[in-house]
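Undergrad: If you're matching them up, the sequences are chains A and B in order. Residue numbering for the first sequence follows the numbering used here, starting at 3 and increasing by one per position. Residue numbering for the second sequence follows the numbering used here, starting at 88 and increasing by one per position. The beta-carbon is built from N, C-alpha and C at its ideal position, and this holds for glycine as well.
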Amino acid sequence: MAIVVNRPKLTFAEKCYLPAIFAGLAITWKHLKRALFNKGIVTMQYPEEKWDANLPDWYRGAPTLVVDENGREKCVSCQLCEFICPPRAITIKPMEIPENDKWRKVEKRPEEFDIDMARCIYCGLCEEVCPEEAIFLRKDYSITGLNRAEMVHDKKTLYKLGGVMKGLTFKWNELK
Amino acid sequence: MDTALILHFLTTPLVFLIWTTFLKTFILLNVVLGVVSVTVFAERKVSAFIQDRTGPNRVGIPMTLLGGKKDIPLWGLGQMIADPVKLLTKENFVPAGVNKFFFWLAPKLVLLPPLLVLAVLPFGSSLFGVEMTIANINVGVLFIFAVTSLSVYGITIAGWASNSKFPFIGGIRSSSQMISYELSLGLSIIPIFMVCGTLNINEIVDWQIKNGWLVAPYWPHGFSLDQLLHPKDLIHSLIAGVSLERFLLWIPMMVSFVIFLVSIFAETNRLPFDLPEAEQELVGGYHTEYSSMNFASFFLGEYAAMFAGSGAIVSIFLGGWSLPIIPDGSHGWVWGLVNIGAWFAKVSVILLFMIWIRWTLPRFRYDQLMKLGWLGFFPIALFNIFLTAIILAVVHH
Ligand code: SF4
Ligand code: SF4
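1. Below 8 Å CB to CB, which residues in the same chain sit around residue 102 of chain B once its five sequence neighbours on both sides are set aside?
2. Rounding to the nearest angstrom, what Cα-Cα distance links residue 11 of chain A and residue 349 of chain B in this structure?
3. Taking 7 Å as the threshold (beta carbon to beta carbon), is residue 136 of chain B in contact with chain A?
4. Which residues mark the beginning and the end of the alpha helix (DSSP H) in which residue 200 of chain B is found?
5. Let me see if you follow: with CB-CB separation under 7 Å, is residue 37 of chain A close to chain B or not?
6. With 7 Å set as the bound, which would you pick, yes or no: does the beta-carbon of residue 13 of chain A sit closer than that to a beta-carbon of chain B?
7. Short of 6 Å in beta carbon distance, which residues of its chain neighbour residue 245 of chain B, apart from the five on each side in sequence? Order them along the chain.
8. Is there a Cβ from chain B that is less than 7 Å from the Cβ of residue 148 of chain A?
9. Considering Cα atoms alone, identify which of B/444, B/452, B/463 and B/454 is closest to residue 30 of chain A.
10. Can you give me the start and stop residues for the alpha helix (DSSP H) that residue 81 of chain B sits inside?
11. For residue 41 of chain B, count neighbouring Cβ atoms within 10 angstroms of its own Cβ and tell me buried if that reaches 16, exposed if not.
12. Any contact between the segment 147 to 165 of chain B and the segment 43 to 54 of chain A? By contact I mean 3 or more CB pairs, one from each, below 8 Å.
13. Can you determine whether any heavy atom of ligand 2 sits closer than 6 Å to the C-beta of residue 99 of chain A, and answer yes or no?
14. CB of residue 166 of chain A to nearest heavy atom of ligand 2: below 6 Å?
15. What in chain B is Cβ-close to residue 27 of chain A, meaning under 7 Å?
16. For residue 2 of chain A, which residues of its own chain have a beta-carbon under 8 Å away from its beta-carbon, when the five flanking residues on both sides are left out?
17. Assuming residue 438 of chain B contacts residue 394 of chain B (C-beta within less than 8 Å), just tell me the rounded distance between them.
18. How many whole angstroms separate the CB atoms of residue 379 of chain B and residue 179 of chain B, which I take to be in contact at a CB cut-off of 8 Å?
19. Any heavy atom of ligand 1 within a distance shorter than 6 Å of the CB on residue 143 of chain A?
20. Tell me residue 116 of chain A's beta-bridge partners as DSSP assigns them.
21. Can you pull the chain A neighbours of residue 133 of chain B, defined as C-beta to C-beta under 8 Å?
22. Buried or exposed for residue 154 of chain B, going by 16 or more other Cβ atoms inside 10 Å?
23. Find the residues of chain A that neighbour residue 112 of chain B, judging by a C-beta separation of less than 8 Å, and give them in chain order.
24. Whose C-beta lies closer than 7 Å to the C-beta of residue 177 of chain B among residues of the same chain, with five residues either side of it excluded?
25. With a cut-off of 7 Å, does the C-beta of residue 173 of chain A fall near any C-beta of chain B?
26. What residue range does the beta strand (DSSP E) around residue 138 of chain A cover?
27. If we call anything under 7 Å between Cβ atoms a contact, is residue 144 of chain B one with residue 339 of chain B?
28. Strictly under 7 Å for the Cβ-Cβ distance: is residue 7 of chain A near chain B by that measure?
29. Is the shortest distance between the beta-carbon of residue 139 of chain B and the beta-carbons of chain A less than 7 Å?
30. Determine, using beta-carbon pairs with one atom in the segment 51 to 66 of chain A and one in the segment 136 to 155 of chain A, whether at least three such pairs fall under 8 Å.
31. Hey, quick one: how far does the alpha helix (DSSP H) through residue 70 of chain B stretch, first residue to last?
32. If you drop the 5 nearest sequence neighbours on each side, which residues of the same chain put their C-beta closer than 6 Å to that of residue 231 of chain B?
33. Determine the contact status of residue 174 of chain B and residue 257 of chain B, defining contact as a CB-CB distance below 7 Å.
34. Per DSSP, what are the beta-bridge partners of residue 66 of chain A in this structure?
35. Taking 7 Å as the threshold (C-beta atoms), are residue 396 of chain B and residue 355 of chain B in contact?
36. Assess, as a yes-or-no matter, whether the segment 112 to 129 of chain A is touched by the segment 20 to 37 of chain A under the definition of 3 or more beta carbon pairs within less than 8 Å.
Okay, here's the thing in structure tokens:
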């Protein structure tokens with residue numbers, strides 16, 4: 003059933019707009035005057051002032067690679083993230099871990115791991131899919147470069163941004 | 088040829104008229120285009136302040152480019168140069184399917200009329216005996232109406248030539264809006280002719296110097312600078328300024344002023360009447376398909392029209408270049424400069440008022456706009472003419 007909403011009856015003063023216009027002008031004038039003396043301005047001067055301290059823990063910034071507390075690269079080059087990445091930003095070149103290496107048991111690690119930040123859409127699927135919990139989206143968001151090549155994060159950058167991640171699954175732990 | 092001969096040649100009346108006119112035109116054009124970019128900057132700053140933002144505050148002197156340590160932001164004043172430079176360096180994109188010739192012509196048609204209007208506005212008294220009007224013509228006000236209504240062609244042609252629906256609707260809206268408001272604009276000014284008895288803007292300004300600004304009901308009679316030293320003369324002139332006729336005439340003059348002001352808003356497509364470009368409904372209205380310098384011409388045209396409109400308001404209602412007590416340019420070139428300054432100051436006040444209104448009021452709905460024009464201002468302006476006639480007939484004699 004249609005509901006009839008009655009229009010309010012306007013008085014003459016309301017109909018000729020003028021009082022409302024003056025009231026509006028008074029309000030904007032108040033704001034203008036306040037801002038002229040630099041008060042009440044809400045603009046954040048971005049590169050100098052940042053909101054970083056207020057970013058939530060679940061903030062999805064740049065994807066990064068992490069090492070565990072023993073300094074081992076957690077990534078085992080399963081390439082699941084490479085496959086799931088919607089814009090195909092990730093390129094992995096796996097390698098076998100040499101015979102004499104401390105982490106021989108794990109068998110594989112990435113030789114090269116590139117994330118093209120010009121492609122990444124910060125969807126977080128790589129973090130979600132990773133069985134080793136090796137890739138995490140951290141809080142860096144200001145990623146710039148002067149050309150496409152500079153926008154590609156290589157393995158070194160990724161580990162530098164990622165740092166150490168403790169207290170998660172340790173499938174490769176000897177004791178387990 | 089020696090200098091005396093050249094000087095003699097330059098001061099023959101006709102040659103003198105020609106080169107001073109060219110000089111005035113050149114200077115005025117440059118000053119006005121400068122003022123336009125300042126207005127754009129002011130618009131951005133004022134809008135920011137009204138919305139509790141800071142507005143452009145970075146572009147100043149780029150010391151880091153010149154090898155310095157720190158840029159000098161200069162409160163963002165460099166934005167006035169940065170904006171046009173950005174527009175000029177963009178690609179001038181012409182979409183497929185547009186009517187090339189008219190697409191190219193439209194921006195020029197928008198830019199031209201406001202600059203032509205400036206020709207008849209007296210922007211100062213006189214400087215070194217040269218009158219500060221480019222063309223002092225007897226039908227000045229009619230010339231303004233004739234020329235401003237031309238600017239609608241630019242907009243309509245732009246909308247049509249773009250071969251795209253939103254610009255087209257913008258163009259159509261613009262033409263019907265102009266027709267509605269042109270009428271009240273013309274009618275609102277008739278009482279002024281009846282009071283001043285002239286169509287010449289210079290004479291309207293002269294009338295206002297003698298009898299007071301049209302929006303001011305009371306004006307001391309024969310007030311001048313040296314009277315300030317003689318209190319008796321001063322009181323005398325203050326008393327002589329009181330007249331029943333002026334107080335009664337003030338009512339229709341104020342009505343005219345309000346209608347004229349609102350119609351100028353509509354004519355220059357300023358909010359709350361910017362329906363031809365209503366961003367939220369029509370993308371960008373008639374200039375959606377334009378880019379680079381062509382877009383800049385529309386932009387420039389809009390602000391130049393604001394300037395010309397403000398100039399007309401100031402000259403017709405707010406006493407033109409005159410200020411109370413201040414003598415005109417025949418008393419020395421300093422006063423001539425002061426008069427020019429006064430005119431620009433008054434125009435700036437009106438421009439600021441236009442910006443202030445823009446950031447206060449929401450846009451009208453299209454039917455409300457039409458209703459206001461045809462059922463509001465049109466009859467009121469007509470009635471106003473009769474009111475003025477009655478007052479003049481009863482009180483004047
Ligand atoms: S966040 Fe999404 S887009 Fe970015 S690398 Fe991971 S999967 Fe690819
Ligand atoms: S980051 Fe995770 S998902 Fe991607 S290759 Fe390494 S282990 Fe596999």
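TA: So, to answer that:
1. In the second sequence, counting from the first residue as 1, residue 102 of chain B sits at position 15. Excluding residues within five positions, the ones whose Cβ falls inside 8 Å are 96.
2. Here residue 11 of chain A refers to the residue found at position 9 of the first sequence. Here residue 349 of chain B refers to the residue found at position 262 of the second sequence. Answer to the nearest angstrom: the Cα atoms are 26 Å apart.
3. Looking up residue 136 of chain B in the second sequence gives position 49. Yes, contact with chain A.
4. On the second sequence, residue 200 of chain B is found 113 positions in, with the first residue counted as 1. For residue 200 of chain B, the enclosing alpha helix (DSSP H) has its first and last residue at 187 to 204.
5. Within the first sequence, numbered from 1, the residue matching residue 37 of chain A stands at position 35. Answer yes: the Cβ-Cβ gap between residue 37 of chain A and chain B drops below 7 Å somewhere.
6. Translated into positions along the first sequence, residue 13 of chain A becomes position 11. For residue 13 of chain A, no Cβ of chain B is located within less than 7 Å of the residue's own Cβ.
7. Translated into positions along the second sequence, residue 245 of chain B becomes position 158. Within its own chain, the residues whose Cβ lies closer than 6 Å to the Cβ of residue 245 of chain B, once the five positions on either side in sequence are excluded, are 193 and 373, listed in chain order.
8. Position 146 of the first sequence, counting from 1, holds the residue named residue 148 of chain A. Chain B places no beta carbon closer than 7 Å to that of residue 148 of chain A, leaving this residue out of the contacts.
9. Taking the first residue of the first sequence as position 1, residue 30 of chain A is located at position 28. Among B/444, B/452, B/463 and B/454, the Cα nearest to that of residue 30 of chain A is on B/444.
10. For residue 81 of chain B there is no data in the structure shown, the boundaries of chain B being 88 and 484.
11. Given a span of 88 to 484 for chain B in the structure shown, any question on residue 41 of chain B remains unanswerable.
12. Touching, no, given that fewer than three Cβ pairs across the two stretches are closer than 8 Å.
13. The sequence position of residue 99 of chain A within the first sequence is 97, counting from 1. No, since every heavy atom of ligand 2 falls outside the 6 Å radius drawn around the Cβ of residue 99 of chain A.
14. As a first step, residue 166 of chain A is located in the first sequence; it is residue number 164 there, counting from the start. For ligand 2, not one heavy atom lies less than 6 Å from the Cβ of residue 166 of chain A.
15. Position 25 of the first sequence, counting from 1, holds the residue named residue 27 of chain A. At a C-beta separation below 7 Å, residue 27 of chain A has these neighbours in chain B: 443 and 447.
16. Past the edges of chain A, shown from 3 to 178, lies residue 2 of chain A, and the structure says nothing about it.
17. As a first step, residue 438 of chain B must be located in the second sequence, where it is residue number 351. As a first step, residue 394 of chain B must be located in the second sequence, where it is residue number 307. Taking the Cβ atoms as the reference, residue 438 of chain B lies roughly 7 Å from residue 394 of chain B, within the contact range of under 8 Å.
18. Within the second sequence, numbered from 1, the residue matching residue 379 of chain B stands at position 292. Within the second sequence, numbered from 1, the residue matching residue 179 of chain B stands at position 92. Their Cβ separation, rounded to whole angstroms, is 4 Å, which keeps residue 379 of chain B and residue 179 of chain B in contact under 8 Å.
19. In the first sequence, the residue the question calls residue 143 of chain A occupies position 141. The answer is no for residue 143 of chain A.
20. Indexing the first sequence from 1 puts residue 116 of chain A at position 114. When DSSP reads this structure, residue 116 of chain A sits in a beta bridge with A/93.
21. For the purposes of this step, residue 133 of chain B is identified with residue 46 of the second sequence, where counting begins at 1. Those within 8 Å of residue 133 of chain B in chain A are 34.
22. To locate residue 154 of chain B, count along the second sequence from 1; it is residue 67. Exposed, by the Cβ-count rule.
23. Locating residue 112 of chain B in the second sequence gives position 25, where the first residue counts as 1. Here the premise fails: no neighbours, minimum Cβ distance about 36 Å.
24. Position 90 of the second sequence, counting from 1, holds the residue named residue 177 of chain B. If we look at residue 177 of chain B and ignore the five residues flanking it on each side, its Cβ neighbours are 378 and 379.
25. For the purposes of this step, residue 173 of chain A is taken as residue 171 along the first sequence, with counting starting at 1. In this prediction, residue 173 of chain A scores a pLDDT of 47, lower than 50, which makes its location untrustworthy; the coordinate-derived value is nonetheless stated afterwards. No, residue 173 of chain A lies away from the interface with chain B (no Cβ there is under 7 Å from its Cβ).
26. As a working note, residue 138 of chain A is residue 136 in the first sequence. Per DSSP, residue 138 of chain A belongs to the beta strand (DSSP E) from 137 to 139.
27. Taking the second sequence and counting its residues from 1, one reaches residue 144 of chain B at position 57. Taking the second sequence and counting its residues from 1, one reaches residue 339 of chain B at position 252. Contact: no.
28. Translated into the one-based positions of the first sequence, residue 7 of chain A becomes position 5. Not a single C-beta of chain B is nearer than 7 Å to the C-beta of residue 7 of chain A.
29. If you number the second sequence from 1, residue 139 of chain B lands on position 52. Chain A, which has a Cβ nearer than 7 Å to the Cβ of residue 139 of chain B, makes this yes.
30. Judged by Cβ distances under 8 Å, the segment 51 to 66 of chain A makes contact with the segment 136 to 155 of chain A, as three or more pairs qualify.
31. Here chain B comprises residues numbered 88 to 484, so residue 70 of chain B is not present and cannot be evaluated.
32. Within the second sequence, numbered from 1, the residue matching residue 231 of chain B stands at position 144. These residues qualify, in order along the chain: 204 and 399.
33. For this step, residue 174 of chain B is matched to residue 87 along the second sequence. For this step, residue 257 of chain B is matched to residue 170 along the second sequence. Their beta carbons are not under 7 Å apart, which means residue 174 of chain B does not touch residue 257 of chain B by this criterion.
34. One-based indexing of the first sequence puts residue 66 of chain A at position 64. Answer is A/138, bridged to residue 66 of chain A.
35. Taking the second sequence and counting its residues from 1, one reaches residue 355 of chain B at position 268. Taking the second sequence and counting its residues from 1, one reaches residue 396 of chain B at position 309. At a Cβ-Cβ threshold of 7 Å, residue 355 of chain B and residue 396 of chain B count as neighbours.
36. No, the segment 20 to 37 of chain A does not touch the segment 112 to 129 of chain A.
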